[in-house]
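If you're matching positions, the sequence shown starts at 0 in numbering that gives the first Met the number 0 and goes up one per residue.
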Amino acid sequence: MVMNSYSLNPKIAQQIVERTMKIIDCNINVMDAHGCIIGSGDLERIGELHEGAMLAISQKRTVSIDSIMVKRLQGVKAGINLPLKLNDRIVGVIGLTGEPSDIWQFGELVRMSAEMMMEQTHLLQELSYDNRLKEELVLTLIEKETLPSSMAQWVKRLDIDLKSPLVVGIIEVDSGQLGIDTAMSELQNLQSQIQILSKHNLVAIKSITELVMLIPALNRYRRWDLLEHKKKLEQLIVTIKNTTQLDIRISLGNYFDQHPYPLIKSYQTAKTTMLIGKQKMPNIRNYYYQELILPVLLHELSYDWQAEELLLPLKKLRQGDNNGVLQNTLQTWFKNNVHNGDTANELFIHRNTLEYRLNKIAKLTGLNLTKFDDRLLLYIGLQLNKS
């Protein structure tokens, strides 16, 4: 897919007219590549064919029209008409109204100024077009197993190396009380800012609440380094918070080295990591799959019969633990790697009290807490209960 050639449109034409007429005291007309007036200081002339412009286009030169030629041509007044070029192709004509001898000195400056405006507009259009291609590419990569053949041209045009390993990051946005238009504007500004701060990342808006980033997975030593990723993403959060009204969270998915569809899986893990992270640590803003592997992997079980079986011991515990003391004790025990001394210290209780509570937990659940398998059942039950 190739972007269409640049064509001079009425909006840009009128901008050229208005800007030029502030400097030069004569009427300005801008004609398209067919000689039709699409911008003018005399609005009544818009839509007319300009024979002087048509001559300038066909002969590829500046055409001067004096009072004698005016009588022989239609739709023209005395003046000069200069072809406007972009990338060596005539895309229109700019005309200055007046006696050629009086305005000739301004012609080339006016043409240069108009061509500079067109070049700037063309570059912005190209940039906008490239950004749209990048967004479509990112969204396709995280959703489809096979990249459409037409996108191969996009990848080449955008100079993107899809052979280099990538990992998916998600930025979730809470726009609060902002209106839809304001929120979308903030989101687009956020996207631009991330692209400036992280030039190697590909960023796409997936919805009004979600941005997706494709991040180079390996460092300069060709190694996966979670700590390095954490440092960069945490710095990104700090920078963004100083420049936007949006409340944001970031999750980083898993890096799949050998999987046939690595970005689809990476996106899925980033999405679930965000969900679990918000449930488990609502006050934290950055979540990483590698730090939440077990609850993320267990999440899909939450809606199946296996989850009901795994949650049975915890269900029995809750029935005999009305005030939640035993459940809190169990969570703290696992948090401290089943180390009784550390657990008792964190709970501010005597070790004998902890032993009593653990024995009661064992009795209520019917499990033996000295056995690894029984401990694992309870631990997984706790993880599922939070997911």
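Quick reminder that beta carbons are idealized off the backbone N, C-alpha and C, glycines included.
As the structure is a prediction and not an experimental result, all values here were calculated from the model.
ask   = Does DSSP classify I89 as helix, strand or coil?
value = strand
task = Can you have a look at K270 and say buried or exposed, based on whether 16 or more other CB atoms are within 10 angstroms of its CB?
result = buried
inquiry  = Considering Cα atoms alone, identify which of F255, P312 and N200 is closest to K231.
reply    = N200
query = Starting from I36 and walking both ways along the alpha helix (DSSP H), at which residues does that stretch end?
reply = Premise fails: I36 lies in the beta strand (DSSP E), I36 to S39, not in any alpha helix (DSSP H).
query = Can you name, in chain order, every residue of its own chain whose Cβ lies under 6 Å from the Cβ of I11, other than the five neighbours on each side?
reply = T120
request  = Return yes when the Cβ of L363 is within less than 7 Å of the Cβ of L313, no when it is not.
outcome  = no
key: Nearest to V154 (by Cα), restricted to the options R131, E171, I169 and G168   = The residue among R131, E171, I169 and G168 with its C-alpha nearest the C-alpha of V154 is R131.
task = In angstroms with no decimal places, state the Cα-to-Cα distance between L366 and L357.
result = 11 Å
query = Hey, how far is the Cα of S149 from the Cα of D158?
reply = 15 Å
query = Who pairs with I159 in a beta bridge, going by DSSP?
reply = Its beta-bridge partners do not exist; DSSP assigns none.
request  = Go ahead and label H49 buried or exposed: buried means 16 or more other beta carbons lie within 10 angstroms of its beta carbon, across all protein chains shown.
outcome  = buried
Cα-Cα separation between R18 and G94, rounded to whole angstroms = 14 Å
ask   = Where N3 and E43 are concerned, what is the direct C-alpha to C-alpha distance, given to the nearest angstrom?
value = Because N3 sits at a pLDDT of 49, beneath the cut-off of 50, its placement in the model cannot be relied upon, and the point is left open.
query = So E209 and V237 are in contact, right, with Cβ under 8 Å, and what is the actual spacing, rounded?
reply = The pair is not a contact, with the Cβ atoms about 21 Å apart (cut-off 8 Å).
ask   = Which residue's Cα is closest to the Cα of L54: G46, I45 and L81?
value = L81
inquiry  = Checking 7 Å against the spacing of the C-beta atoms, do G91 and M30 come in under that value?
reply    = Yes, Cβ-Cβ distance for G91 and M30 is below 7 Å.
ask   = Pairing CB atoms from the region 268 to 288 with CB atoms from the region 335 to 350, are three or more of them under 8 Å?
value = no
query = Could you give the residue range of the beta strand (DSSP E) that holds A77?
reply = Segment: none, A77 is in no beta strand (DSSP E) and carries neither H nor E.
query = Closest to Q244 by CA distance: which of L296, Q267, T181 and P281 is it?
reply = T181
ask   = Can you list, in chain order, the residues of its chain whose CB lies under 6 Å from that of L300, leaving out five sequence neighbours each side?
value = A306
query = When burial is assigned at 16 or more other CB atoms within 10 Å of the CB, is L377 buried or exposed?
reply = By the beta-carbon neighbour count (other beta carbons within 10 angstroms, threshold 16), L377 is buried.
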